[in-house]
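Its first residue numbered 0, the sequence shown is counted upward by one per residue in numbering that gives the first Met the number 0. The next block holds one structure in the form of structure tokens; read it before the comments.
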Amino acid sequence: MDEKERAADGRAAAGGADSADSAAGLRSWRRIRRRLWADIREYWKFGAAFAAYDRLVMWLFGAFCPSVIVAGLPCPGCGMTRSVFCFATGQFEKGWQMNPMGILWLFLAIYFCIMRYGLGKKPAGVLQIGGCLVVMMAVLYLYRMYREFPGAEPLCYTPGNLLERLWPGYGSWILEKIGRWHV
């Protein structure tokens with residue numbers, strides 16, 4: 000405990016229950032901040048590489064998803080960022096349209112943050128739950144591609160992809176092949 004924390008403890012002891020509660024709350028926020036900064040220091044290279052990839056592919060191709068860049072087709076994770084943001088901001092219908100799995104990923108992220116930063120414990124089962132969510136995403140993706148493709152964002156074909164540039168007629172061919180699913 001550093002001098003500032005000891006001073007806060009002393010003031011809390013002298014000031015009664017309200018001061019003790021505020022000092023305890025301050026110490027809790029300091030612990031959360033320390034844990035968060037420790038993770039940032041440990042994983043900043045990953046974050047920087049991710050940001051560099053994002054900027055590079057957006058500049059080169061105008062898209063983030065490798066599946067969209069190469070084949071013009073959405074992947075199981077397409078729309079996930081928008082979905083999580085929409086669910087987190089109360090736009091449930093739009094979040095559901097983007098990717099229904101977003102709400103489950105949001106709940107998993109909240110659980111992870113509470114356990115790791117709030118309680119300082121290792122979040123039990125996060126990898127197993129995440130693995131189950133990935134399998135569920137793949138199954139949902141196949142269902143949505145069968146029932147809804149091509150449709151509204153993010154389940155739409157993106158022209159100008161690499162296969163279309165290399166293989167003239169690819170766009171109409173793939174849409175025809177997938178269109179047969181709906182017959």
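Yeah, the Cβ is synthetic: ideal placement off N, Cα and C, and Gly gets one too.
6 Å CB neighbourhood of residue i in its chain, flanking five on each side removed
{"i": "C64", "result": "C74 and C77"}
{"i": "V67", "result": "T157"}
Spatial neighbours of residue i in its chain, beta-carbon cut-off 8 Å, leaving aside the 5 residues before and after
{"i": "G14", "result": "With a pLDDT of 49 at G14, under the threshold of 50, the predicted position of this residue should be treated as unreliable, though the coordinate-derived value follows. Cβ neighbours of G14 beyond the five flanking positions: none."}
Exposed unless 16 or more other CB atoms sit within 10 angstroms - verdict on residue i
{"i": "S171", "result": "exposed"}
{"i": "F86", "result": "buried"}
{"i": "L72", "result": "buried"}
Proximity test, residue i beta-carbon vs the ligand MN heavy atom, cut-off 7 Å
{"i": "P167", "result": "Absence of the ligand MN from the depicted structure is noted, as is the absence of any ligand whatsoever, leaving it without description."}
Straight-line gap, residue i to residue j (C-alpha atoms, nearest Å)
{"i": "Q127", "j": "M114", "result": "16 Å"}
{"i": "L132", "j": "M100", "result": "8 Å"}
{"i": "L162", "j": "W43", "result": "34 Å"}
{"i": "W104", "j": "R164", "result": "35 Å"}
{"i": "S27", "j": "F106", "result": "23 Å"}
{"i": "K93", "j": "R143", "result": "16 Å"}
{"i": "F148", "j": "S82", "result": "18 Å"}
{"i": "P122", "j": "Y52", "result": "29 Å"}
{"i": "G168", "j": "N160", "result": "12 Å"}
{"i": "C112", "j": "V69", "result": "35 Å"}
Cβ pair residue i, residue j closer than 8 Å
{"i": "Y183", "j": "L139", "result": "With the chain represented from 0 up to 182, any question about residue 183 goes unanswered, as that position is not in the structure."}
{"i": "M97", "j": "P153", "result": "yes"}
{"i": "Y110", "j": "R34", "result": "no"}
{"i": "V56", "j": "A62", "result": "yes"}
{"i": "G119", "j": "R40", "result": "no"}
Contact set for residue i: own chain, Cβ-Cβ below 7 Å, skip 5 residues either direction
{"i": "A151", "result": "Q96"}
Quick check for students: name the residue ranges of the alpha helix (DSSP H) that lie wholly in the stretch 97–165, counting only runs of 4 or more. Correct list: 101–112, 125–147 and 161–165.
If we require 4 or more residues per run, which alpha helix (DSSP H) segments fall completely within the stretch 47–74? With a minimum length of 4 residues, the unbroken runs of alpha helix (DSSP H) contained wholly in the stretch 47–74 fall at 65–70.
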